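In my numbering, the protein residues as written are 27 to 181.
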């Protein structure tokens, strides 16, 4: 059994024995202590990886959202990024219409893959452009501040 230290916690098992686990996985420990233990255990590369985001699945087949968006981009090798972790997934539903249930299933599978690929099990944040609501097929579109300004009528 591993020796207990400030980054581990001991928990009782049903059979009367105990087990030692990382403190950051102990949901009964104070959040600050969990965060401190996790950050202390991470390498600099793992911390830096949490600041990195990728647009997995962006197509270079000419169906881009913005002109020339792929001109300076290299293909992303997601598997190469997984050991140190990944901070963010950009546009996880992509840029073409996707059934929301299928998009959510695909995102869940990707998150499982990311969490399983790094030693702390940290998934990535999912990021999408959403000023007017979630940018996905069938999602509700809300008025944006620029549109509100266009409705002003002093009379």
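Glycine included, every Cβ here is placed at the ideal spot set by N, Cα and C.
From a predicted model like this one, the values you see are computed outputs, not experimental measurements.
Backbone secondary structure at residue 165 - three-state DSSP
In the structure shown, residue 165 falls within a coil segment according to DSSP collapsed to helix, strand and coil.
Is residue 58 helix, strand or coil by DSSP?
The three-state reading of DSSP puts residue 58 in helix, counting H, G and I together.
How many angstroms separate the CA atom of residue 150 from the CA atom of residue 170?
Approximately 27 Å between the Cα atoms of the pair.
How many Å lie between residue 48 and residue 113 at the Cα?
Residue 48 and residue 113 have their C-alpha atoms roughly 21 Å apart.
Thinking just about the alpha-carbon of each residue, which of 45, 167 and 176 is nearest to the one in residue 159?
Of 45, 167 and 176, the residue nearest in Cα terms is 167.
Tell me the rounded alpha-carbon separation between residue 40 and residue 81.
In this model, residue 40 and residue 81 are separated by some 44 Å (Cα to Cα).
DSSP on residue 80, reduced to helix/strand/coil?
Three-state DSSP puts residue 80 in a strand.
Residue 132 to residue 145 span [Cα, whole Å]
Counting only the Cα atoms, residue 145 lies some 22 Å from residue 132.
In its own chain, which residues sit with a C-beta less than 6 Å from the C-beta of residue 157, not counting the 5 before and 5 after it?
In its chain, beyond the 5 residues on either side, 170 have a beta carbon closer than 6 Å to the beta carbon of residue 157.
Under the DSSP definition of a beta bridge, which residues are partnered with residue 176?
Beta-bridge pairing links residue 176 to no other residue.
The beta strand (DSSP E) with residue 151 in it runs from where to where?
Here the beta strand (DSSP E) through residue 151 covers 151 to 153.
Give the secondary structure of residue 111 by DSSP, where H, G and I count as helix, E and B as strand, and everything else as coil.
Coil, per DSSP.
Beta-carbon separation of residue 165 and residue 115 under 7 Å?
Taking 7 Å as the Cβ cut-off, residue 165 and residue 115 do not qualify as a contacting pair.
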